[in-house]
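Contents: one structure, followed by commentary.
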Amino acid sequence: MQAVAMAEAKPAAVPSNGPDLKQIFRNAQRAFDLIQKHRTPPDPKTYAVWYAYVEAADTRVIERVDHAIAANGTLTPYDISAIFQELLTEEPAAVSARHSIGMAIEKEIDEVMKIIQQGVQNSDDFGASLDKANEELPGAASGDQLTTLVSTLMEDNKRMAETTRELNQGLMESQKQIATLNQELEEVQTQCMRDPLTAIANRRAFDERLEREVCAAAETGEKLCLALADIDHFKNVNDTYGHQVGDAVLQQFAAVVTQNIKGQDMVARYGGEEFAIILPETDLFSAYNLLVKIKYNFKSAETPIEGTLKTLKDITASFGLVRFEPGMTPRDMIEQADNFLYEAKHAGRDRVKAKGF
């Protein structure tokens, strides 16, 4: 869908010697005005979203807010929560988990360093023992002296071997612990890039992946397609059946797309009822056919209506599809896909629109 022009947001001037307090107060007042105008809850998250919008420092916030207003006439509580979570902050649990894991990894690295230092010290001690024996060996005048010298060397060697075994064991345990912590860290990072409702990639993950794919396509000449999808009349579903059923519809759509794309493809929750599908190494014709298949599969799917024995049928989706052309940026691809999605909506919905289709 096409975003409405943003009338309220203008870049705030920030002088080199620090923030402009008058501008900050003006932004704050405009944020409060928008909270009142759109009847959004006057809580900290809502204020943060509207303030970021009028500050105009992050174009992603502007695009998301404009898109939501164009689709629904206002910002829903879900829109506010999604924008705040994905663009303005990180979940405290994720931040805390990363901090804890980082501290644990740092502790294990300290342990490894201690083990290495102990190994170096033991090696130096054993080397000194060998040097001493080398000095005393020529002066061993009797068999008893020689026996004592050899016995001392054997004890030192035995002690060195035992210490080496303990050090190796300690290193192996630390390596296992660090590997486990790294895996936990990867899991936390994965969760930060995943939409909690649909269990697919979130907007942040999509932005990063599209950036990489566009760079790769520009360098190698590989085919690349991008689709934006929007569930038709989704607001009516929420208003008629409630947000729980609406959530189930979103989950259903995510599941249908996931079942139909191949391993290197990516589906992401783009915002609200809109999804993005990245299709690397896919030509426009193949991408179009895939989206038509997804469209029909989703329309034929049945979503249970909670608390009843009924199911929701014939929910449709519209798609805008674009292929990468040399010189295009990620923003270019998104804008063109959004334009084709807009065409699909205004042509009657439940269809796929792309150049030549």
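Mapped onto the UniProt record's numbering, the consecutive letters of the sequence shown carry residue numbers 1 to 357. In this text, a Cβ means the ideal position worked out from N, Cα and C, and glycines have one as well.
| Check | Outcome |
| --- | --- |
| Might you give, ordered along the chain, the residues of its own chain that have their beta carbon closer than 7 Å to the beta carbon of Thr311, omitting 5 neighbours on each side? | Glu302, Thr303, Pro304, Ile305 |
| Leaving out five residues on either side along the sequence, give the residues of the same chain with a beta carbon under 8 Å from the beta carbon of Asn72. | Asp79, Lys235, Gly272 |
| Just how far apart, CA to CA, sit Met193 and Asp265? | 16 Å |
| Could you spell out the range, first to last residue, of the beta strand (DSSP E) harbouring Pro280? | 274-280 |
| Relative to the alpha-carbon of Lys262, which residue among Phe298, Ile277, Asp58 has its alpha-carbon at the smallest distance? | Ile277 |
| If you reduce the DSSP assignment to three classes, tell me which class Thr197 lands in. | One detail in the question is off: residue 197 reads as Leu in this sequence, not Thr. Leu197: coil per DSSP, three-state reduction. |
| On the DSSP bridge assignment, give the partners of Pro44 in chain order. | Paired residue(s): none; Pro44 is not in a bridge. |
| So, at 7 Å on beta carbons, what are the nonlocal neighbours of Pro15 in its own chain, with the 5 sequence-adjacent residues on each side left out? | Unreliable positioning characterises Pro15 in this predicted model, as indicated by a pLDDT of 40, which lies under 50. The coordinate reading is nonetheless provided below. Excluding residues within five positions, none has a Cβ falling inside 7 Å. |
| Using CA coordinates, which residue listed in Leu309, Leu87, Thr59 is at the minimum distance from Lys45? | Leu87 |
| Taking the alpha helix (DSSP H) that Arg331 falls in, what are its first and last residues? | 330-346 |
| By Cβ distance below 6 Å, which residues in the same chain neighbour Val61 in space, the five residues on each side in sequence not counted? | Ala52, Tyr53, Leu87 |
| From what residue to what residue does the beta strand (DSSP E) around Phe319 run? | 317-323 |
| If we count the other Cβ atoms within 10 Å of its Cβ and call it buried at 16 or more, is Asp230 buried or exposed? | buried |
| What residues in its chain sit with their C-beta under 8 Å from that of Asp283, if we drop five residues either side in the sequence? | Lys223, Cys225, Arg323 |
| Identify, in the order they occur along the chain, each residue of the same chain with its Cβ nearer than 6 Å to the Cβ of Ala217, setting aside the five sequence neighbours on each side. | Leu224, Phe324 |
| Quick check: Lys353 and Glu343, are their CB atoms within less than 7 Å of each other? | yes |
| Can you find the residues in the same chain that come closer than 7 Å, C-beta to C-beta, to Gln244, ignoring five residues on each side of it along the sequence? | Glu306 |
| In its own chain, which residues sit with a C-beta less than 7 Å from the C-beta of Ser81, not counting the 5 before and 5 after it? | Lys45 |
| Going by DSSP in three states, Asn297 sits in which element: helix, strand or coil? | helix |
| Using alpha carbons as the reference points, say which of Leu309, Pro280, Ile315 lies closest to Lys295. | Ile315 |
| Let me make sure I understand the geometry here. Which of Leu341, Leu250, Thr74, Ile200 has the alpha-carbon closest to that of Phe298? | Leu250 |
| What do you get for Glu155, buried or exposed, if any count of 16 or more other CB atoms within 10 angstroms of its CB means buried? | exposed |
| Would you report the Cα separation of Ala199 and Lys313, rounded to the nearest angstrom? | 23 Å |
| Identify, in the order they occur along the chain, each residue of the same chain with its Cβ nearer than 8 Å to the Cβ of Ala9, setting aside the five sequence neighbours on each side. | Only weak support is given to the placement of Ala9: the predicted model assigns it a pLDDT of 47, under 50, and the question is left unresolved by the model. |
| For Ala317, which of Gly327, Gln252, Met328, Gln336 has the nearest alpha-carbon? | Gln252 |
| For Ala337, which option in Leu228, Thr258, Asn238 has the closest C-alpha, if you only look at C-alpha atoms? | Leu228 |
| For Arg351, which residues of its own chain have a beta-carbon under 7 Å away from its beta-carbon, when the five flanking residues on both sides are left out? | Ser318, Ala344 |
| Rounding to the nearest angstrom, what Cα-Cα distance links Ala287 and Gln36 in this structure? | 43 Å |
| Classify Gly246 as helix, strand or coil using the three-state DSSP reduction. | helix |
| Whole angstroms is fine: what's the gap from Phe84's alpha carbon to Asn202's? | 13 Å |
| Tell me whether Arg209 sits in a helix, a strand or coil according to DSSP, three-state version. | helix |
| Based on Cα-Cα distance, which residue from Glu162, Cys215, Ala205, Ala68 lies nearest to Gly327? | Cys215 |
| Check Lys353 in the structure and name its three-state DSSP category. | strand |
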